[in-house]
Every structure is written in structure tokens, then in C-alpha cells.
Amino acid sequence: MKRVAVILAAGQDTIGNDNIPKPFVNIYDKPVLMYTLEVFEKNPQVDAILLVCLKGWSEIARAFAKQYNISKLKWVVDGGQSIQETIYNGLRALENELEENDTVIIHDGIRPLVEDSVLTDVIKVAEEKGNAVSSMPNNEQVFVVRDSDSNTSNRFIPRETIRRVTTPQAYNFHEVLHAYEYAFNNNIGIQGASYADTLFADLGKRLFFATGSDKNIKLNTEEEIGIFEAYLKSDKELWLK
Amino acid sequence: MNYAIIIAGGSGHRMGQDIPKQFINVNNKPILLYTLESFEKHEKIDAILVVCIDGWHEAVWAYARQAGITKLKWVISGGETGQESIRNGVFFLEDKVNSNDIVVIHDGIRPLVDEEVLSDVIEVAKKYGNAVTSMPFKEQMFVVSEDNCSSKKYVPRETLRRVSTPQAYKYELLDSKYHEAFEKKIGIYGSSYTNTMMVDLGVTLHFAKGSEKNIKLTNKDDLDLFKAYLKADNK
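Which chain is which? The protein sequence lines are U and S, in order.
Just so you know, we're using our numbering here: the first sequence kicks off at 158 and counts up by one.
Just so you know, we're using our numbering here: the second sequence kicks off at 6 and counts up by one.
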């Protein structure tokens with residue numbers, strides 16, 4: 158059985174007034190995306206990597222991947238107009254490469270702080286249940302915005318009853334490919350902020366939780382880039398138990 | 006006048022340490038002191054009350070003196086739960102503040118509360134009687150099924166906000182609602198807090214600005230993140 162990572166780096170957004178798309182922002186001379194790819198390269202459970210890349214940036218991605226010895230990178234394909242199209246492009250490119258029971262692990266290219274323990278759990282749960290989404294409990298109270306005045310609330314959702322879901326997410330290849338084919342043919346669950354997880358829910362499927370980590374942040378702002386830099390330089394405190 | 010109640014009543018068990026987490030040192034300074042410094046520096050805060058775990062009161066006074074936290078006026082004991090600790094603070098102020106004064110409630114282990122967030126929460130509370138700092142969710146929000154390990158449903162994240170501290174209330178409202186809650190035993194159990202208690206007692210809450218940075222230090226990952234923020238700020 159094979160496990161292929163589908164890494165998404167097709168977003169055109171830049172940070173602030175910068176001109177560089179987020180996955181290609183350099184941190185200590187290395188693009189953010191390479192830090193993410195290195196995690197998958199080093200994890201022995203991952204067999205191969207497919208990169209869905211912003212159009213025009215594929216060659217750069219390939220060159221850097223070679224430079225940093227990302228030997229598992231097998232395919233680089235173009236992204237789409239939306240995040241759902243981008244995921245679908247990645248899955249379709251694997252159609253003749255994977256067996257039905259193989260697993261794909263979908264992950265944002267700008268989340269370089271994904272830990273091995275998070276990857277291990279998402280793979281384990283997906284191979285047991287058919288899918289798995291990395292998730293965290295809510296440490297903060299969850300309030301419902303009022304329809305009549307979005308600056309107020311008179312209702313909350315008990316925080317133990319709802320979880321925050323991010324990437325990595327792992328899916329049985331056959332099931333996720335067919336879910337996307339159905340979704341695009343019928344125009345369901347592919348708009349706006351939808352993602353593989355919300356699409357599954359929209360199609361009435363059950364999602365299974367794996368253990369995520371708050372450390373696994375998305376690098377969307379200058380401040381978050383600063384945090385990532387600081388993480389790279391930080392040392393473990395040995396006295397902490 | 007604007008008062009701050011800083012909650013430092015917790016023990017360190019969830020973080021797996023022997024030292025209560027508000028007293029864990031980061032760059033030679035306990036976390037609680039970073040929090041107190043944010044309130045000391047803010048021009049709209051007049052006085053600070055710390056609700057503290059027993060046995061550590063002297064340490065709070067000593068650290069505060071050393072760091073020049075002149076607004077610290079009172080250190081009192083916490084309760085068995087978060088809500089009891091806040092109640093102790095609110096009731097303690099009964100003969101000390103006026104009904105129209107604003108009281109800001111804040112977790113002692115949220116050291117990165119910035120000036121703008123405190124200003125906004127005070128301003129909104131002055132206008133509407135209450136204000137809670139809030140942020141949109143960046144992750145998808147899935148409802149936990151009965152089996153506790155799966156989900157078939159999400160809530161569109163644009164319809165939700167995450168609410169933490171600081172929260173600010175007119176003292177009259179705060180005091181009367183804590184009396185009502187403990188008399189009727191409503192909104193004081195489990196993970197409830199002032200905000201959820203207010204809603205349980207029929208109050209509509211007003212959102213104030215929040216900040217991504219204002220994290221709660223509850224585990225080792227958070228501690229790493231806090232250190233990362235301190236380093237990033239120093240650059």
C-alpha cells in the first residue's frame with residue numbers, strides 16, 4: 158500500500174506588499190515550501206510527494222526540491238482557480254499512478270510546522286477508518302454571531318462539542334477521488350472556503366478526527382513568519398517536564 | 006475608574022509541571038509578571054487585583070515590587086474553580102469600586118495582551134455595559150458526534166467567533182450577575198466563564214477587538230510559541 162502526500166502551493170496571495178507568493182517566501186534563504194517538503198521527505202511513512210503548484214512556479218519548485226534533496230517528489234502539476242480545483246487537479250494527476258486502497262495525505266504548503274506525530278496519527282486513523290482530519294479542541298469559548306447584529310452574541314456552543322480542523326488530512330484515494338468527481342459534476346461543496354473536509358460533510362460522509370497541534374500554524378502574515386523563524390532558532394528547555 | 010482582575014488561581018497540573026503555570030519563568034521572569042506589565046503600562050487601567058493560588062501571594066508582591074508594578078493593590082485567594090476565583094475577585098471589590106466603574110477580567114496566563122485590545126474592550130464596555138475580546142476562526146469547525154471521534158457536520162466559520170480574555174463589564178452588572186449565578190447555580194460549572202455565564206443569564210454580549218498573539222499558555226507547545234513571539238518582537 159502506498160502513501161502519497163499532496164502538497165498544495167497554488168495560492169497567489171502574497172504577504173503585505175510583497176510580490177512573492179507565500180509558499181516561495183524565503184526564510185534563511187530557503188522557501189517556506191521547502192521546509193514543508195522536508196518534513197514529508199524525512200517521514201518514513203510517506204512514499205511519494207505530489208506538488209500542486211502555482212502556474213509559472215513549477216520549475217523553481219523543482220530546482221529547489223533538487224537542491225534540498227527532496228527525492229520523494231515525483232509529480233508537479235498546476236493548481237486551479239480555487240482551492241478545491243487545486244486539490245482536484247492533484248488527485249486527477251494520481252489517477253493512473255495509485256491503487257484504490259492507497260492513501261493520499263493533503264497538506265497546505267505553507268504549514269511547515271507539521272510534526273511527525275501529527276502525520277503519524279492522521280495516517281493511522283485514515284488507514285483504519287477511510288479518512289482522518291487533523292483536529293484540535295477549543296481552548297476558547299465559541300460564540301454564535303447574531304444575524305441581526307454581527308457585533309453581538311447571545312448564544313454559545315459548548316466548546317467540548319466542536320473541534321477545529323486543519324491539514325494534514327488523509328483519505329482513501331479511491332473515495333476522495335470519486336467524491337471530487339461527483340462534487341465537480343454536480344457543483345456541490347466546491348465554493349468559497351470549502352475544502353476536502355467540508356466537501357465530505359456536504360456529501361453526507363463521516364469524518365474521523367486525528368490529533369492535531371496548535372504549533373502547526375499557517376504562515377499567512379509577517380508576524381507568523383516571525384514566529385516560524387523564532388521556532389527554527391529556539392532551543393528546548395531541558396528542565397521542563 | 007477602570008479596574009483589572011487578573012486570574013492566577015490555577016495549579017500547573019495540565020501542563021505537567023510542579024510549578025503553577027503562571028509562575029513558570031521565561032527569560033528569568035514568571036509568565037504572570039508579563040501579564041501584569043501589560044496592565045501596568047496601560048494608561049486606562051487604574052488598579053489591579055490578582056486572584057492567586059494560596060502559598061504564592063508573597064511571590065506576587067515581591068515580583069511586582071521588583072518590576073515596579075505600582076498599580077497592584079490587592080492579592081486575594083482563588084476558589085476551587087475558575088468561576089469561583091472570578092467570583093472571589095468580584096465580591097472582594099464590593100466596597101471598593103462604584104457601580105459604573107469598569108472591571109476588566111483577564112487570565113494571568115495570557116501575557117501577550119496588547120494595548121489596543123485592552124483599550125477597545127474598555128471602550129466597548131463603557132458604551133454597552135460589557136465587551137469580550139473576540140477573533141474569527143481560521144480553521145473549519147466540526148461538530149463532534151456522539152462517538153466522540155468523528156463528525157458529519159460543520160458550522161460555517163463566518164458565523165462563529167472565538168472569545169477569550171480580556172473581557173470588561175460595568176461593575177454593577179458583573180456583581181449582580183455573579184450573585185444571581187451562584188444563588189441559582191447557573192453558568193458556574195465545567196468550562197463556564199464570565200462570558201458564557203452572562204449569556205446563560207440572558208445578557209447579550211458585545212464583541213471587541215482581539216489579537217492572534219493573545220494566546221493562553223496551557224501546554225508546552227504554547228510555551229514554545231510564547232518564546233517565539235518574544236524573540237520575533239525583539240527583532
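Just so it is clear, CB atoms sit at the ideal spot from N, CA and C, and this is done for glycine as well.
Which residues in chain S sit within 7 angstroms of U:Phe313, going by Cβ to Cβ distance? For the C-beta of U:Phe313, the chain S residues within less than 7 angstroms are, from N- to C-terminus, Thr201 and Val204.
Cβ-based burial, S:Asn103 [other Cβ within 10 Å; buried from 16]:
It counts as exposed.
**Q.** Within-8 angstroms CB hit, U:Gly383 to chain S
**A.** Cβ-Cβ to chain S under 8 angstroms: yes for U:Gly383.
### Message
Please report the distance separating the alpha-carbon of S:Pro116 from that of S:Val55.
### Response
Each residue's Cα considered, the two are about 14 angstroms apart.
### Query
With C-beta atoms as the reference, is S:Tyr173 less than 8 angstroms away from S:Ile107?
Position check: residue 173 of chain S holds Ala in this sequence, whereas Tyr was assumed. Closer than 8 angstroms, so yes.
With DSSP as the reference, label U:His335 as helix, strand or coil. Looking at U:His335 - three-state DSSP - the assignment turns out to be helix.
Kindly give me the distance between the Cβ atoms of S:Ala52 and S:Lys26, rounded to whole angstroms, as I take these residues to be in contact under 8 angstroms. No, S:Ala52 and S:Lys26 are not in contact; Cβ-Cβ is about 25 angstroms, not under 8 angstroms.
- Task: Tell me where the alpha helix (DSSP H) around U:Arg219 begins and ends.
- Result: Per DSSP, U:Arg219 belongs to the alpha helix (DSSP H) from Ser215 to Gln224.
(message) At a CB distance below 9 angstroms, what residues from the region 132-147 of chain S approach chain U? Give them in sequence order.
(response) Flagged, chain order: Tyr133, Val137, Ser139, Met140, Phe142, Lys143, Glu144, Gln145, Met146 and Phe147.
For the putative contact between U:Asn295 and U:Arg321, defined by C-beta atoms under 8 angstroms, what is the C-beta separation to the nearest angstrom? Confirmed, Cβ separation roughly 6 angstroms.
Express the C-alpha separation of U:Ile217 and S:Arg70 in angstroms, rounding to a whole number. Their backbone Cα atoms lie some 56 angstroms apart in a straight line.
Nearest CA to the CA of U:Ala289: which residue from U:Thr368, U:Asn183, U:Lys187 and U:Ile240?
For U:Ala289, the closest of U:Thr368, U:Asn183, U:Lys187 and U:Ile240 by C-alpha to C-alpha distance is U:Thr368.
Contact between the region 32-45 of chain S and the region 82-89 of chain S: three or more CB pairs below 8 angstroms? No, they do not touch.
**Q.** Closest residue to S:Glu144 among U:Leu389, U:Ser351, U:Pro180 and U:Phe181 (Cα-Cα distance)
**A.** Residue U:Ser351 is the option with its Cα nearest to S:Glu144.
**Message:** Among S:Ile191, S:Leu98 and S:Val126, whose alpha-carbon lies nearest the alpha-carbon of S:Asp180?
**Reply:** For the options S:Ile191, S:Leu98 and S:Val126, the alpha carbon positioned closest to that of S:Asp180 is the one of S:Leu98.
- Cα-Cα separation, S:Gly207 to U:Asn311: Cα to Cα, S:Gly207 sits roughly 7 angstroms from U:Asn311.
### Query
Mind pulling the chain S residues with CB within less than 9 angstroms of U:Glu386?
Below the 9 angstroms Cβ cutoff, chain S contributes Ala233, Lys236, Ala237 and Lys240 as neighbours of U:Glu386, in chain order.
- Decide if the region 331-350 of chain U is in contact with the region 230-250 of chain U; the criterion is three or more beta carbon pairs, one per stretch, under 8 angstroms apart. Counting Cβ pairs under 8 angstroms, three or more are found: they touch.
- Do we get a CB-CB distance below 8 angstroms when we pair U:Val182 with the residues of chain S? No, no contact with chain S.
_What would DSSP say about S:Ile36, mapped onto helix, strand or coil?_
In this structure, S:Ile36 counts as helix in the three-state DSSP scheme.
Original post:
Thinking C-alpha only, which one of U:Pro201, U:Arg160, U:Phe221 and U:Tyr185 is nearest U:Lys390?
Top reply: Comparing Cα-Cα distances from U:Lys390 to each of U:Pro201, U:Arg160, U:Phe221 and U:Tyr185, the minimum goes to U:Tyr185.
Show which residues of chain U have a CB atom less than 9 angstroms away from the CB atom of S:Phe212. Result: Phe300, Val302, Ser307, Asn308, Thr309 and Ser310.
inquiry  = Could you give the first and the last residue of the continuous beta strand (DSSP E) run that contains S:Thr170?
reply    = Start and end: Leu165 to Lys175.
Proximal residues, the region 351-362 of chain U versus chain S, C-beta separation under 8 angstroms: Of all residues in the region 351-362 of chain U, Tyr352, Asp354, Thr355, Ala358, Gly361 and Lys362 have a Cβ within less than 8 angstroms of some Cβ in chain S.
Subject >> Whole-angstrom C-beta distance between S:Asp227 and U:Asp371, which should lie under 8 angstroms >> reply: With a contact defined as Cβ atoms closer than 8 angstroms, U:Asp371 and S:Asp227 qualify at about 7 angstroms.
Under the three-state DSSP convention, the category U:Lys179 falls into:
If DSSP states are grouped into helix, strand and coil, U:Lys179 belongs with the helices.
Using a Cβ-Cβ cut-off of less than 9 angstroms, list which residues of the region 321-334 of chain U approach chain S; keep chain order. Per Cβ criterion, the list reads Arg321, Val322 and Thr323.
* Closer than 8 angstroms, CB to CB, is U:Glu317 near chain S or not? -> At a cut-off of 8 angstroms between beta-carbon atoms, U:Glu317 makes contact with chain S.
* Can you give, in chain order, each stretch of the alpha helix (DSSP H) that sits fully within the region 97-162 of chain S and has at least 4 residues? -> Within the region 97-162 of chain S, the complete alpha helix (DSSP H) runs of at least 4 residues are 120-133.
Whole angstroms are fine: how far does the CA of S:His111 sit from the CA of S:Ser82? Distance between the alpha carbons of S:Ser82 and S:His111: 16 angstroms.
**Item:** Candidates S:Ile50, S:Ala13, S:Val160 and S:Tyr234, of which the one nearest S:Gly60 by Cα
**Value:** Per the Cα distances, S:Ala13.
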